[in-house]
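**Student:** This structure is in structure tokens; I'll ask about it shortly.
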Amino acid sequence: MEKHFHNNKSMKKLFLIFLVHKVVTLRCHASDAFLVQHEWYQHGDLIIGVMASHMTYHLYEIKFSENPSIKPYQIPTIITKFHQHVLALAFAVKEINEDSQMLPNITLGFHIYDSYLNARMTYRTTLDLLFKSQEFVPNYKCDSQKNLMAIIGGLDFVTSSHIAEITRFFKIPQLTYGSLAQEQFENSKLSSLYFMVPKEDHQYIGIIQLIHHFRWTWIGIFAIGNNNGENFLQKMQPLLAKNGICSSFIQRLSRVNLEDFPQIYQTISTISWNWINTKANVFLVYGEALTIMWLRIVTFIVDPERKEISLFRKVWIMTAQIDFVLSGFQISWDLQVFHGAISFTAHSTAVAGFKEFLQTVNPLSVFRDEFLWEVWEQLFDCSFPKAELQETQSRQCTNEMKLEDLPGPAFEMEMTGQSYSIYNAVHAVAHALQALYTLHYKRKKTMICKNPDLPHLRAWKLHPFLQGISFNNSAGERVFLNEKREATGGFDITNLITFPNRSFQRVRIGKMDLQAPKGKELSMDEDLIVWSPAFNQVLPFSRCNDPCFPGNWKKGIEGDQFCCYDCVPCPEGKISNQNDMDDCFECPEDHYPNKEKNGCILKRVVFLTIEEPLGIGLASSALGFFFLTSWVLGTFIKHRDTPIVKANNQSLTYTLLVSLLLCFLSSLFFLSQPGKVTCLLRQSTFGTTFSVAISSVLSKTIIVVIAFMATKPGSHMRKWLGKRLAFSTVLSCSFFEVCICILWLSTSPPFPELDMHLQLQEIILQCNEGSAFFFYCVLGYMGVLAIASFIVAFLVRKLPDSFNEAKFITFSMLAFCSVWISFFPAYLSTKGKAMVAVEVFSILSSSAALLGCIFLPKCYIIVFRPELNQREHLTKRN
């Protein structure tokens, strides 16, 4: 015997394991010794150990006060579907041994035990893998028949950790085939664990994307009631909330132990069933491999007569660890309650020859598989003849019984994700052995050695070759373990379709690609999904309440989760154009809300034009006054030699009339579409022409005063009578106005602008005056001229009628000032087209006041009373 001790610390730990194992053996010698009868050993030069998880016994509590042998033996409960894991390993080993290029002159063997889903039995069977099953002497090897190179197992982290507690002292690589949580990965950094399935945390993003894709916001959550379940909830709940998803309820599930099923009926009544009638039509389930069996019992108890119940109207979303499996007394049940379920599964693909391999499996021809007899008996409800039983009431197992005849919950012919992970694990070990063998062979060859010494191929030497290993398996897919010793194959998204004969079909509807860009990891073909018949192939609705349609917004309900809300109509001026908007929003500046408040309508651009009634009225008035002024001008020209025309300074009269003509025409600039040119011209033209008109009026008033004073004997004012004074007055007064306009246009000129906010449904095209200061300076200067004219005319209003126009000018200036004094408040209190209309009206009315008060009385005399148009009458004194 050769004894191998690593160090003092390891020796102490192994000694403790030895003591524990001795105690277990002493306490359970009458039961465990009988239980550990299932193994499958295939001889080979190098051995792969396997720890399956598909059998369990009800282990009675054994006390030292009584003889344990009196306890009855219980037939094991077998998860028959998981026997595919064992067969997948056997198929992979067979495939490798038949490949002459993989490990030439070396055969792989395997030794398979079961964990029995029990910690105590896992420790014991792990020791059986490491040492001789007849002699339990830890760290001793009595012969070299079994050269264990790696261990594959287990299905869950608990089993894997139990195995690792023993195997880590020997640094034997252990490849797990179940999806584990992030914390379990991190806790295994110093161990010999390798993970053939990506960590389950990758699924969380996929679950969020899946739920968000179908716009489900109200879901129920089932989580297994252990540390893994609590960690799942701690990570998932913030992600759900961040993406606008709420949980209707959170139900913690008991951990499934097959030996505890008889007690489930007694404890099931303690669970709250409020979630059954929830509005949530989507249930997210996080659990272990056997969680589906617990849920199936729940649905059976709720509806033992198979009546239509609310649970059949649910969409079940399953995480990767859960498998659609029934066993024991459930094997005759169906899974129709889970029809349409969407499941994350470890990635798998069809492997050539595997289904044909399963079709050849038969316990009558495969005698080395000590699991298969009991698996077969529970699968087909038959029995094999046993020596201790003379007669049996059940039917006999025959060669005609085939695995392909079984329903999916009992056994699947397609390679499952877990079996595919085991298959890849075997090939990973084989490729690592090939690399190690090749390196070892080259070294021996340099030492002139004929054959490599297989006993020197130690298990711990595989680690450098397993880390970062990359190869293509026989299915043509690349298998890669990254620096964290984690496979990167991703997850498949499958849809469960059940049939009345208890069989089912998994339809792959998408995948979770870990190498895809962030946010696009999940890809899915929605058209392939078959929903539960209760939904009539309509996308299931899972919300706290009906959606808020466009025109409304979501208002949270105090005390409820944010997924529950009231629908409130949008306020005036805002819209919502999608369902379930958090708030309404304003339309773009050039749009306005429609009546339903669910869309925006383009605003029409408006401005004061001569095509609308108001514009037509103002334009007609302007043209009417223009023609009237033209008639007056023509009349004065025609009768220019008459005394009344001569007596009123012909030149100033013509200048005033022409400026009034231009004033009336300048109003048309305000009735055209605002543009760069029109905005520049209309105020400056109006200001200049009006200043000329008022300057002419002021000049006429001054001339009247001088003319009266010149009639006095000895007056020196006669020399001022003439055209020079008149035109100098007009030019000087007008020039100042022109200077203001030039300064205005050169510094801050008017420009066209769109006012989008003044009217709800219209955009006002208008001229921005640029500088309000200059605008009011122009108007103010005209007011100064008007007031000056009014004062002068008012002071001389009582002069003899035959000499002056003072009364007429006084009335005209009074009217003019009244119009423009009322203009300012009206102008400032209006906007848009009304503002333009006010200014046009002021221009027309003030111009008309000048025209009417000054010239119409004269035209009346000229046209209708020509007898008064005589010099004698004009010189007559009252």
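Using mature numbering (1 follows the signal peptide of the UniProt record, and there is no 0), the letters of the sequence shown correspond one by one to residues -25 to -1, 1 to 853.
Heads up, the beta-carbon is just placed ideally off N, CA and C, and yes, glycines get one too.
Since the structure is predicted, the reported quantities are computational estimates derived from the model, not experimental observations.
(1) What three-state label does DSSP hand A824 in the structure shown?
(2) Between I669 and L825, what straight-line distance do the alpha-carbon atoms span, to the nearest angstrom?
(3) Which runs of the beta strand (DSSP E) spanning at least 3 residues fall entirely within the region 563 to 610, listed in chain order?
(4) Please name the residue or residues paired with W291 in a DSSP beta bridge.
(5) Should the region 721 to 736 be regarded as contacting the region 700 to 708, the criterion being three or more beta carbon pairs within less than 8 Å?
(6) How about the region 369 to 381 and the region 332 to 352: do they share at least three Cβ pairs that are nearer than 8 Å?
(7) C523 to K529, Cα distance in whole Å?
(8) Tell me whether P148 is buried or exposed, calling it buried when 16 or more other Cβ atoms sit within 10 Å of its Cβ.
(9) Report, in whole angstroms, the separation of the C-beta atoms of G181 and L228, which I expect to be a contact under 8 Å.
(10) Per DSSP, what kind of secondary structure is S302 in: helix, strand or coil?
(11) CB-CB under 6 Å to R481, same chain, minus the five flanking residues each way: which ones, in chain order?
(12) Quick one: measure Cβ to Cβ for residue 867 and T101, integer angstroms, because I've assumed they're closer than 8 Å.
(13) Assuming M26 and I138 form a contact by the criterion Cβ under 8 Å, report the distance between their Cβ atoms to the nearest whole angstrom.
(14) Which term fits W795, buried or exposed, when burial requires 16 or more other beta carbons within 10 angstroms of its beta carbon?
(15) Report the three-state DSSP secondary structure of E842 (helix, strand or coil).
(16) Using a threshold of 8 Å, state whether the C-beta atoms of I715 and F749 are closer than that.
(17) Where I484 and K495 are concerned, what is the direct C-alpha to C-alpha distance, given to the nearest angstrom?
(18) Taking contact to mean 3 or more Cβ pairs, one atom from each stretch, closer than 8 Å, check whether the region 629 to 639 and the region 583 to 595 are in contact.
(19) Can you give me the C-alpha to C-alpha distance between D730 and V633, rounded to a whole angstrom?
(20) Could you give the residue range of the alpha helix (DSSP H) that holds I71?
(21) Is it the case that the region 286 to 297 contacts the region 324 to 338, given that we only count it when at least three CB pairs across the two stretches are under 8 Å?
(22) Which whole-angstrom value describes the C-beta separation of P173 and E461, a residue pair presumed to lie in contact below a C-beta threshold of 8 Å?
(23) Name the DSSP beta bridge partners of Q149, please?
(24) Threshold first: 3 residues or longer. Then list the beta strand (DSSP E) segments lying entirely within the region 432 to 485, N to C.
(25) What residue range is occupied by the uninterrupted alpha helix (DSSP H) comprising T320?
(26) Buried or exposed: where does K572 fall if 16 or more other Cβ atoms within 10 Å of its Cβ makes it buried?
(27) Using 8 Å as the threshold, is the region 407 to 417 in touch with the region 437 to 446, meaning 3 or more CB pairs across them?
(28) What are the partner residues of V25, as DSSP defines its beta bridges?
(29) Report buried or exposed for Q76, applying the criterion of at least 16 other Cβ atoms within 10 angstroms of its Cβ.
(30) Starting from V759 and walking both ways along the alpha helix (DSSP H), at which residues does that stretch end?
(31) In whole angstroms, give me the CA-to-CA distance for T192 and G219.
(32) Could you say which of Q734, L733, S793, S746 lies nearest to A761 if we only look at CA atoms?
(33) Taking C-alpha atoms, which residue in F386, E379, G315, A327 lies nearest to V350?
(34) Work out the CA separation of Q741 and I836 for me, nearest whole Å.
(35) Can you grab the Cα-Cα spacing for the pair L583 / V813, in whole Å?
(36) Tell me V543's beta-bridge partners as DSSP assigns them.
**Tutor:** Once the coordinates are examined:
(1) helix
(2) 9 Å
(3) 566 to 568, 575 to 577, 579 to 581
(4) F258
(5) no
(6) yes
(7) 7 Å
(8) buried
(9) Rounded, the Cβ-Cβ distance is 21 Å, inconsistent with contact.
(10) coil
(11) T469
(12) Lying outside -25 to 853, the shown extent of the chain, residue 867 is not represented and no answer is given.
(13) 6 Å
(14) buried
(15) helix
(16) yes
(17) 15 Å
(18) no
(19) 36 Å
(20) 58 to 72
(21) no
(22) 6 Å
(23) I126, L168
(24) 445 to 447, 453 to 455, 466 to 473
(25) That residue, T320, is in no alpha helix (DSSP H); its beta strand (DSSP E) goes 317 to 321.
(26) buried
(27) yes
(28) I87, I127
(29) exposed
(30) 747 to 770
(31) 6 Å
(32) S793
(33) F386
(34) 44 Å
(35) 11 Å
(36) W528
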